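Chains as they are written, first to last, in the working numbering: chain A, 513 to 846; chain B, 649 to 999. Glycine included, C-beta positions come from ideal geometry on N, C-alpha and C. Treat the numbers as computed from the prediction; the structure is a model and nothing was measured.
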């Protein structure tokens, strides 16, 4: 999986680091002072993740938990995301990570205790009257490599002590082995991103198929965990309504609707830099075969009537199929 | 012409023996084999020398279709062994042993082992420096990043084949002398790798197919006139349309042009048809907006709305010359379905 493994000298002897290194016994690990000395210091082309992916293991410094942008999550509670990893093994053509770090290499941060302390502070001091949400998976897939990072258990233990706060693990993975070892908690939600099958094949390179993800969702709900779904990003196609109708039917034939806490709907959008990266990395992708415009907030999107039509049609389909209006939220849209 | 660039003549010696190169009359330092369509440029060692010479040559008007850099390189990665041959995937730069941010992706042949190369402003002879730079790249040279810079500015594809001349278990003080002694062997390895690969297709060579598509002939159609910006728009639209509709024919785009129109008007029709092919939903939405404003246009108002159909505004303009005209206009304006207009922007219209 990884060509080379680099480990910060400070954390080399931590049990968590050693446990990760056990997975890569056949790859020489090299000791470095700080991840920042190398990661992102030079511009490493994104598509090198296909044949030249390195792993960095270190300590997250600076801000460990960050406030999420407006309209990021469900409801009107405060939303935060925490950073325990950078980058992803999957290769989605629309992924914003391709324009974010200047390197596709994977980074694991192992100082979860410090991240946990910050989450506690925000939950118990800053928002003690509210019900804050904490999202994992903003810069990485939160389950895909969880069998290597072994961090799921830590966060379950943490949120057992924080019943008024929510934790969301965002994923496109079906790697639920570590998750299923945990006793379900009311305040931990596993959210799966889904697209219609054909779109997943075309754009979610290296990811599990939609059907496999839906099967994983069933397994997770059967074990008693709460789930959520992200129909995001939606990419416009002539018959997108039929495709989303089909997808919703597939979901509902496998998962009990009442087990789905919420379903978010979002239309494909990019920052200017990410859009440029997409055109460079995937010039033949049919997701580019549509008009995009730059909007007032600097994002590159479909023109308003098109994205609003997509959002309203998909919401309509969800309501028609039995979802309640308060289960559906429109993501990152004004 | 395919240009082969070397830092030293010694590295190119087997190429001079194998091909029939003669010095160019127009550019000092360039040798040409007309029958093979090849050129050789000896740039000299170092980032400035190679950047200056290649940039000057590319600017001189020589018809160069691609550049292939060939030469020796030191290993930073301890797994790399002397006399192994690699092609480079990415060129990085270190100034005074400090890695710099900008890098250049290098084009790749199909069947050569791949590695990354760091162009260093200094010769790297110490193990300590090799260790420091090895997380960035596998091998080190003195020129490739500069060639990447020049080629990227000139939009000319650059390839690079390197033979390992010194590896990190070979920390000898006389390394330069040793490399010189083995120069012929290195040159032979480079020649063999070049001969085995340069006629094969490189990865990602299928862009030509698109450029050859019959739609591009429309740019030279005698019934059409495209301004510079219209040409740019045409190319962008065609490249997007071809992502989904490879079998589209130029007849589909010209069916509505007319001899009564000016050539520019006809070109605008072609652009509109391309837009409709690319985005039928937008065309339908615009059709709806135009339908709503039809009565206003009919009585002589000039209507404008956001060409990106992003903002909901509508701008109306008319010259009023009499009170009866004012009355008529204000009545028409009062009956304008502005809520429906806004609904279109909110995706509520039934298209």
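Is the Cβ of residue 994(B) closer than 7 Å to any Cβ of chain A?
Yes - at least one Cβ of chain A is within 7 Å of the one on residue 994(B).
Mind checking residue 587(A): buried by the 16 CB within 10 Å criterion, or exposed?
Exposed, since its Cβ has fewer than 16 Cβ neighbours within 10 Å.
By DSSP's criteria, residue 604(A) is part of a beta bridge. Which residues make up the other side?
DSSP output for residue 604(A) lists 716(A) as bridge partner(s).
With H, G and I counted as helix, E and B as strand and the rest as coil, what does DSSP make of residue 732(B)?
Residue state, collapsed to three classes: coil.
Less than 7 Å between C-beta atoms, sequence neighbours within five positions excluded: which residues of the same chain meet that for residue 561(A)?
Result list for residue 561(A): 603 and 616, in chain order.
Assign residue 691(B) to buried or exposed, taking buried as 16 or more other Cβ atoms, counted over all protein chains shown, within 10 Å of its Cβ.
The residue is buried, with at least 16 neighbouring Cβ atoms inside 10 Å.
In angstroms, rounded to a whole number, what distance separates the CA positions of residue 1002(B) and residue 678(A)?
Any property of residue 1002(B) remains undetermined from this structure, which presents chain B solely from 649 to 999.
Apart from the five residues just before and just after residue 839(B), which ones in its own chain have a Cβ nearer than 7 Å to its Cβ?
Answer for residue 839(B): 662, 663 and 666, listed in chain order.
Chain A beta carbons: is any one of them nearer than 7 Å to that of residue 794(B)?
Residue 794(B) does not count as touching chain A.
Any Cβ of chain A within less than 7 Å of the Cβ of residue 892(B)?
Yes, residue 892(B) counts as interfacial toward chain A.
Taking the beta carbon of residue 725(A) as the centre, do at least 16 other beta carbons fall within 10 Å, making it buried, or is it exposed?
So residue 725(A) counts as buried.
Taking only heavy atoms of the ligand NAP into account, decide whether any of them is closer than 6 Å to the Cβ of residue 829(A).
This structure simply doesn't include the ligand NAP, nor any ligand for that matter.
Output, in chain order, the set of chain A residues within a Cβ distance shorter than 7 Å of residue 747(B).
Neighbours of residue 747(B) on chain A, chain order: 553 and 554.
Answer yes if the stretch 869–882 of chain B comes into contact with the stretch 913–922 of chain B, meaning at least three C-beta pairs across the two stretches below 8 Å, and no otherwise.
Counting Cβ pairs under 8 Å, three or more are found: they touch.
Of all the options 907(B), 783(B) and 696(B), which has the alpha carbon lying nearest to the alpha carbon of residue 727(B)?
The option with the nearest alpha carbon to residue 727(B) is 783(B).
How is residue 679(B) classed by DSSP in three states: helix, strand or coil?
DSSP places residue 679(B) in strand when its eight states are reduced to three.
Residues in its own chain within less than 6 Å of residue 752(B) by CB, not counting five upstream and five downstream?
Excluding positions up to five away in sequence, the list reads 739, 796 and 800.
Around the Cβ of residue 722(B), are there at least 16 other Cβ atoms within 10 angstroms (buried) or fewer (exposed)?
The residue is buried, with at least 16 neighbouring Cβ atoms inside 10 Å.
For the beta strand (DSSP E) containing residue 719(B), list its first residue and its last residue.
Its beta strand (DSSP E) spans residues 714–723.
With a threshold of 7 Å between beta-carbons, can residue 708(A) be considered close to chain B, or not?
No, residue 708(A) does not count as interfacial toward chain B.
Are the CB atoms of residue 671(A) and residue 694(A) nearer to each other than 7 Å?
Cβ atoms of residue 671(A) and residue 694(A): not closer than 7 Å.
If I follow the unbroken beta strand (DSSP E) through residue 568(A), where does it start and stop?
Its beta strand (DSSP E) spans residues 566–570.
Using the Cα positions of residue 742(A) and residue 776(A), report the straight-line distance between them to the nearest angstrom.
One C-alpha to the other measures close to 5 Å.
Taking one C-beta from the stretch 860–876 of chain B and one from the stretch 829–848 of chain B each time, how about it: are there three or more such pairs within less than 8 Å?
As far as the Cβ criterion goes, the stretch 860–876 of chain B does not touch the stretch 829–848 of chain B, which means the pair count is below three.
Can you tell me whether residue 971(B) is buried or exposed? The criterion is at least 16 other CB atoms within 10 Å of its CB, across all chains shown.
Its Cβ having fewer than 16 others within 10 Å, residue 971(B) is exposed.
Indicate the three-state DSSP secondary structure (helix, strand or coil) for residue 902(B) in the structure shown.
Note: residue 902(B) maps to helix in three-state DSSP.
Do the stretch 922–936 of chain B and the stretch 808–819 of chain A touch if we need at least three Cβ pairs shorter than 8 Å?
As far as the Cβ criterion goes, the stretch 922–936 of chain B touches the stretch 808–819 of chain A, which means the pair count is three or higher.
Check for me: the alpha helix (DSSP H) holding residue 827(A) runs from which residue to which?
From DSSP, the alpha helix (DSSP H) with residue 827(A) extends over 816–832.
Between residue 894(B) and residue 648(A), what straight-line distance do the alpha-carbon atoms span, to the nearest angstrom?
Those two C-alpha atoms are separated by around 41 Å.
Under DSSP, the beta strand (DSSP E) around residue 837(A) begins and ends at which residues?
That residue, residue 837(A), is in no beta strand (DSSP E); it is neither H nor E in DSSP.
Write down the C-beta distance between residue 599(A) and residue 555(A) rounded to the nearest angstrom, noting that I regard them as a contact closer than 8 Å.
Not confirmed; about 14 Å, so no contact.
Might you give, ordered along the chain, the residues of its own chain that have their beta carbon closer than 8 Å to the beta carbon of residue 744(B), omitting 5 neighbours on each side?
So the qualifying residues of the chain are 769 and 770.
Alpha carbons only, please: which of 952(B), 741(B) and 992(B) is nearest the one belonging to residue 966(B)?
Out of 952(B), 741(B) and 992(B), 952(B) has the C-alpha closest to the C-alpha of residue 966(B).
Does the CB of residue 753(B) have a neighbour CB from chain A at under 7 Å?
Taking Cβ atoms only, chain A reaches closer than 7 Å to residue 753(B), which makes this a yes.
Cα-Cα, which of 727(A), 696(A) and 699(A) is closest to residue 686(A)?
With distances taken between Cα atoms, residue 686(A) lies closest to 727(A).
Tell me, please, whether the CB atom of residue 951(B) is closer than 7 Å to any CB atom in chain A?
Not an interface residue.
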